[in-house]
């Protein structure tokens, strides 16, 4: 049987040939589902430990989404078996991808007065403005409200800049559903600066942060691992990823 590293490299190449998004995530899910759980755990470990390139980060992101989305061919029993295999082999970075802890910070609805410029607008009107308007002040006000259905429209606005998306991703406090909108948006989740701001936001669901970590450059991992505002599992996962990328032995996955 080929080594897990070779299988991981082949998987990364095959995934890179596909369109980013649901197509790539489903292909990653099918590939892992075709392996026995122990081998799947080894292949994912090898992928996470591989030299960091745009190719490997894209593949890691697709695997993370495949483990997150139920329609990506990996059922609960398979995920549980992969988790068990990863735990048995000490592949903590793989096991961490399969955990779903709550956000580090719980969001509480504000009790202050609504924005006077928006108070008279219907939800439908807000959605229309978010999708089409060019006024940066108005867009910032809509983003500050954090209504997820409005934010989804805002993210479709062609005038939205990366700097604005980063500010939205870093906003604290923020509704977890609003941050999930950014995480799920194909246009923005591939931007390293946006993804980093999301992972570093303690209001992001920790399950999403864990699955996003492998797509981040190695240089960002030490600061995440030492950030006391983040969930302990997110910090531990960042430290583990840094360790395996620096050459920590990985048994079969390292061959």
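Residue numbers (my numbering): 5 to 259.
Ideal Cβ positions, reconstructed from N, Cα and C, are used throughout, including at glycine.
For clarity, every value in this text was computed on a predicted model and none was experimentally measured.
Continuous alpha helix (DSSP H) assignments of at least 4 residues falling wholly in the stretch 11 to 54
26 to 37 and 41 to 53
Could you tell me whether the Cβ atoms of residue 110 and residue 248 are closer together than 9 Å?
no
Can you look up residue 56 in the DSSP assignment and give me helix, strand or coil?
coil
With contact counted as at least three CB pairs below 8 Å, one residue from each stretch, are the stretch 233 to 241 and the stretch 127 to 134 in contact?
no
State the start and end residues of the unbroken alpha helix (DSSP H) segment that holds residue 100.
96 to 101
Within the same chain, show all residues whose beta-carbon is closer than 6 Å to that of residue 69, passing over the 5 residues directly before and after it, in chain order.
29
Return yes when the C-beta of residue 238 is under 8 Å from any heavy atom of the ligand NAP, and no when it is not.
In the structure on display, the ligand NAP does not appear, and there are no ligands present to speak of.
Look at the alpha carbon of residue 103 and the alpha carbon of residue 124, and state the distance between them as a whole number of angstroms.
42 Å
Considering Cα atoms alone, identify which of 197, 166 and 207 is closest to residue 179.
207
Residue range of the alpha helix (DSSP H) that residue 227 falls in?
225 to 229
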